[in-house]
Amino acid sequence: MIKHTKPSAFYDTFERKGPGQKTTHYCPGCGHGTVHKLIAEAIDEMGIKDQVIFCAPVGCTTLMYFYFDTGNMQCPHGRAPAVATGISRTLDDSIVISYQGDGDLAGIGMSEIVHAANRGEKLTVFFVNNAIYGMTGGQMAPTTLIGQESKTTPFGRDPIRDGMPIRMSELINTLEAPVFVERCSLGTAAGVLKTRKAVKKALMNQKNKKGFSFVEILSPCPINWKMDAIQSRKWLIENLEKFYEVKNFRDKDTSIKGQGRLPFLSDDELLKVLDVTADTSSDDDNNRVDIGEHKVKIAGFGGQGIMSVGVLLANCAKNAGFNSTWLPSYGAEMRGGTAYASVVMSNDIIGTPVVDTPDVLIAMNSPSLDAFENSVTKGGTIIVNSSIVSRKVTRTDVNTYYVPATAMANELGLTATAAVIILAFYAKALGIFGVDILKAVVPISIKNKKYIEANLRAITAGEMFFDDYKK
Numbered sequence: 078m079i080k081h082t083k084p085s086a087f088y089d090t091f092e093r094k095g096p097g098q099k100t101t102h103y104c105p106g107c108g109h110g111t112v113h114k115l116i117a118e119a120i121d122e123m124g125i126k127d128q129v130i131f132c133a134p135v136g137c138t139t140l141m142y143f144y145f146d147t148g149n150m151q152c153p154h155g156r157a158p159a160v161a162t163g164i165s166r167t168l169d170d171s172i173v174i175s176y177q178g179d180g181d182l183a184g185i186g187m188s189e190i191v192h193a194a195n196r197g198e199k200l201t202v203f204f205v206n207n208a209i210y211g212m213t214g215g216q217m218a219p220t221t222l223i224g225q226e227s228k229t230t231p232f233g234r235d236p237i238r239d240g241m242p243i244r245m246s247e248l249i250n251t252l253e254a255p256v257f258v259e260r261c262s263l264g265t266a267a268g269v270l271k272t273r274k275a276v277k278k279a280l281m282n283q284k285n286k287k288g289f290s291f292v293e294i295l296s297p298c299p300i301n302w303k304m305d306a307i308q309s310r311k312w313l314i315e316n317l318e319k320f321y322e323v324k325n326f327r328d329k330d331t332s333i334k335g336q337g338r339l340p341f342l343s344d345d346e347l348l349k350v351l352d353v354t355a356d357t358s359s360d361d362d363n364n365r366v367d368i369g370e371h372k373v374k375i376a377g378f379g380g381q382g383i384m385s386v387g388v389l390l391a392n393c394a395k396n397a398g399f400n401s402t403w404l405p406s407y408g409a410e411m412r413g414g415t416a417y418a419s420v421v422m423s424n425d426i427i428g429t430p431v432v433d434t435p436d437v438l439i440a441m442n443s444p445s446l447d448a449f450e451n452s453v454t455k456g457g458t459i460i461v462n463s464s465i466v467s468r469k470v471t472r473t474d475v476n477t478y479y480v481p482a483t484a485m486a487n488e489l490g491l492t493a494t495a496a497v498i499i500l501a502f503y504a505k506a507l508g509i510f511g512v513d514i515l516k517a518v519v520p521i522s523i524k525n526k527k528y529i530e531a532n533l534r535a536i537t538a539g540e541m542f543f544d545d546y547k548k
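Quick note, the sequence shown lines up with residues 78 to 548 if you use my numbering.
#1: Decide if histidine 81 is buried, meaning its Cβ has at least 16 other Cβ atoms within 10 Å, or exposed.
#2: Using only CA atoms, which one of Val518, Tyr479, Ala517 and Leu489 lies nearest to isoleucine 499?
#3: When DSSP builds the beta bridges, which residues end up paired with isoleucine 460?
#4: Could you check what DSSP says for isoleucine 243 in three-state terms: helix, strand or coil?
#5: Give the range of the beta strand (DSSP E) segment to which valine 421 is assigned.
#6: Can threonine 220 and alanine 183 be called in contact, C-beta distance under 8 Å?
#7: Is it right to say methionine 241 is buried, meaning 16 or more other beta carbons lie within 10 angstroms of its own, or is it exposed?
#8: For glycine 186, which residues from the same chain have a beta carbon less than 8 Å from its beta carbon, with the 5 sequence-adjacent residues on both sides left out?
#9: Quickly, what does DSSP pair tyrosine 407 with across the bridge? List them, please.
#10: From Cys393, Ser443, Glu247 and Phe543, pick the residue whose C-alpha is nearest to that of proline 520; which is it?
#11: Please report the distance separating the alpha-carbon of tryptophan 403 from that of glycine 490.
#12: Return yes when the Cβ of aspartate 239 is within less than 8 Å of the Cβ of methionine 217, no when it is not.
#13: To the nearest angstrom, how far is the alpha carbon of phenylalanine 510 from that of lysine 395?
#14: Would valine 256 and leucine 263 be called neighbours here (beta carbons separated by less than 8 Å)?
#15: Do you know offhand how far isoleucine 249's Cα is from isoleucine 294's?
#16: Quick check on the burial criterion: 16 or more other C-beta atoms within 10 angstroms. Buried or exposed for phenylalanine 87?
#17: Where do the N-terminal and C-terminal ends of the beta strand (DSSP E) with serine 262 fall, by residue?
#18: Buried or exposed for arginine 166, please, with buried defined as at least 16 other CB atoms from any protein chain shown within 10 angstroms of its CB.
#19: From the DSSP output, read off the bridge partner residues of glycine 148.
#20: Distance check for isoleucine 368 and isoleucine 383, CA to CA, integer angstroms please.
#21: Measure the C-alpha to C-alpha separation of glutamate 318 and lysine 94 and round it to an integer number of angstroms.
Pasting the structure below:
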């Protein structure tokens, strides 16, 4: 009878493209292989292979997807806990593992790991700490010891210049939410066995939906430490274990309680919550205008409703059957400062939301006309809020309209609807979508429902002004 065999959580056959097809990725004496086996054995023993999803970011940890026959998600540097959070919250029965190194977790991803732990996310984090950036060639990491030499600290880490090494387990242990925090070591066979127990405990916690578990594993990196496999383990015991105490910091049975997940809504329920009763889509997509790519810039002061009208325009384009994007831009002090929104609509896929040369410029104030008049494409359109902008458009190669939108909005009793008046005028003048679509989208797009009627009156005013304008 075979008592010891390769865990089924590993692929049956190792495959690698290009040269060195039979060579595994990890260096001689590296601890990652040991950690891989401990995790794979625990997965097999618990029968959770089909539930496991690894999240591995940039670094040596990312190579685990070559070996584990489980779900795998490659993540941006340091962002594995954020990606893992999304997966865990979406797939209730998944066992999500964030597998990270010290440069990634304690450096680039410090914010992500701290906040995931603080929220008590249903995750298991395996933190492989070898006190150095491994894949990139041995640079100082947040966990590099004082005096330890590296590519970026050739004379040793200096606490004044480089700061102190960060004890991540102790840091995570200060947070209320985690249920399990332990630091282990691969320095000895006994240490490996204790690590095995911690790995299984952390995975079992997640299987039992207890919350956030954090296992830090002190691991050798012989190549970057410039040692052989035996020397590296001796150095780990004599140095890393002295600074990073090997112990269990927390093991509790209960996780923090909250409101739970919001209920899933069907399409009909969602429409009811949003108070949408009408079909706002175009009646006939065959009547859709072939506009190619149409770019609009809406510019004015913060507080004039520039951003909201940009969203409204993009939503109208979507409901008319076009693809659309909306990109806001405003200064540090939005209200009273310069603000503009860029909207792109197209029959095809949109490559960028940036609008440098608009086909249409809606200028709600003088600085906006001064800034963007010359950027409008030849043969394009400029619509000016003539209540505020006193000067005329100087160009003769564009279509120009002057709409006293602010004065009209004041007459309606709500100055903030000035941009909506111009948007209705734009819809009539350009003919890309009908005013009926604009009227249908307003109840959805306007956040404060008490202003819906005022905005609908503004649309009617803009529509009537255009009709009189053309007479």
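The beta-carbon is built from N, C-alpha and C at its ideal position, and this holds for glycine as well.
As the structure is a prediction and not an experimental result, all values here were calculated from the model.
With the given structure in hand:
#1: exposed
#2: Tyr479
#3: Ile439 and Tyr478
#4: coil
#5: 415-423
#6: yes
#7: exposed
#8: Pro134, His154, Gly155, Arg156, Ala157, Pro158 and Gln177
#9: Ala416
#10: Cys393
#11: 28 Å
#12: yes
#13: 10 Å
#14: no
#15: 14 Å
#16: buried
#17: 257-262
#18: exposed
#19: Ile130
#20: 23 Å
#21: 38 Å
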